[in-house]
Amino acid sequence: MKLLELIKKRYSVRNYLSKPIESEKLNYIMECTRMAPSAVNLQPWKFAIVTDEKLLTALQSVYPKDWIKSAPCIIVACVDHDISWHRKADNKDHGDIDVAIAVEHLCLAAAEQDLGTCWVCNFDAKACHQIMQLAPQLEPVVLIPIGYPADNTIPEKKRKSIKEITL
Ligand SMILES: Cc1cc2nc3c(=O)[nH]c(=O)nc-3n(C[C@H](O)[C@H](O)[C@H](O)COP(=O)(O)O)c2cc1C
Numbered sequence: 004m005k006l007l008e009l010i011k012k013r014y015s016v017r018n019y020l021s022k023p024i025e026s027e028k029l030n031y032i033m034e035c036t037r038m039a040p041s042a043v044n045l046q047p048w049k050f051a052i053v054t055d056e057k058l059l060t061a062l063q064s065v066y067p068k069d070w071i072k073s074a075p076c077i078i079v080a081c082v083d084h085d086i087s088w089h090r091k092a093d094n095k096d097h098g099d100i101d102v103a104i105a106v107e108h109l110c111l112a113a114a115e116q117d118l119g120t121c122w123v124c125n126f127d128a129k130a131c132h133q134i135m136q137l138a139p140q141l142e143p144v145v146l147i148p149i150g151y152p153a154d155n156t157i158p159e160k161k162r163k164s165i166k167e168i169t170l
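Residue numbers (this note's numbering): 4 to 170.
The structure is reproduced here in structure tokens:
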């Protein structure tokens, strides 16, 4: 599959089947994730792959939309602020950028495997930190519900034109 086809195949899935994800698929997705580039190759990321029923239920409470409850797995992508690169000139922390690249690798790899994902950032990060019992230097950046889509219709991509996004 051409990269552009795969990019168009990935979309935000907000309804999942309860069918569990095969461990081979999850391993492949994590292999694609860990190959992501990062500033100074510091790889300042940690991923919690949550499938345990009790923990999933607790985690769902940090994002108050019912659709997330359909996902059989949620991946919590975290940045490690003790590891992330801070630019010398202004101390800008590049950890979020690194995590974002790795997470998009994850989402594209999942789409290739016919799995759906959705970036979720509008969650209660403090509550998530507590529920996941994360170390102080770890910050949960994005939740990625992942699973087989309940509906396989790929929605139309509404995007700005190349002309609109070039200066
Ligand atoms: C950084 C980021 C944060 C997002 N947070 C949420 C979110 O909290 N809830 C949600 O339903 N979708 C969220 N999305 C999904 C976007 O709404 C979606 O990617 C966008 O509308 C384009 O649609 P598509 O992913 O289907 O191509 C987020 C996407 C990104 C990249």
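Glycine residues also receive a C-beta, built at the ideal position from the N, C-alpha and C atoms.
Measure the alpha-carbon distance for residue i versus residue j and round it to whole angstroms.
| i | j | result |
| --- | --- | --- |
| residue 45 | residue 84 | 11 Å |
| residue 108 | residue 114 | 10 Å |
| residue 54 | residue 75 | 6 Å |
| residue 69 | residue 39 | 31 Å |
| residue 99 | residue 82 | 7 Å |
| residue 130 | residue 117 | 31 Å |
| residue 120 | residue 58 | 19 Å |
| residue 157 | residue 132 | 33 Å |
List the DSSP bridge partners of residue i.
| i | result |
| --- | --- |
| residue 110 | DSSP lists no partner for residue 110. |
| residue 233 | Residue 233 cannot be examined here, being either before or after the span of the chain that is shown, 4 to 170. |
| residue 19 | 152 |
Quick one: give me the first and last residue of the beta strand (DSSP E) that residue i is part of.
| i | result |
| --- | --- |
| residue 77 | 76-83 |
Got a sec, what are the start and stop residues for the alpha helix (DSSP H) residue i sits in?
| i | result |
| --- | --- |
| residue 51 | No alpha helix (DSSP H) contains residue 51, which is instead part of the beta strand (DSSP E) from 48-53. |
| residue 33 | 26-37 |
| residue 167 | 165-168 |
Write down the C-beta distance between residue i and residue j rounded to the nearest angstrom, noting that I regard them as a contact closer than 8 Å.
| i | j | result |
| --- | --- | --- |
| residue 80 | residue 50 | 6 Å |
| residue 52 | residue 62 | Actually they are not in contact, since the Cβ atoms of residue 52 and residue 62 sit about 11 Å apart, beyond 8 Å. |
Tell whether a beta-carbon distance below 9 Å holds between residue i and residue j.
| i | j | result |
| --- | --- | --- |
| residue 112 | residue 165 | no |
| residue 153 | residue 26 | no |
| residue 148 | residue 123 | yes |
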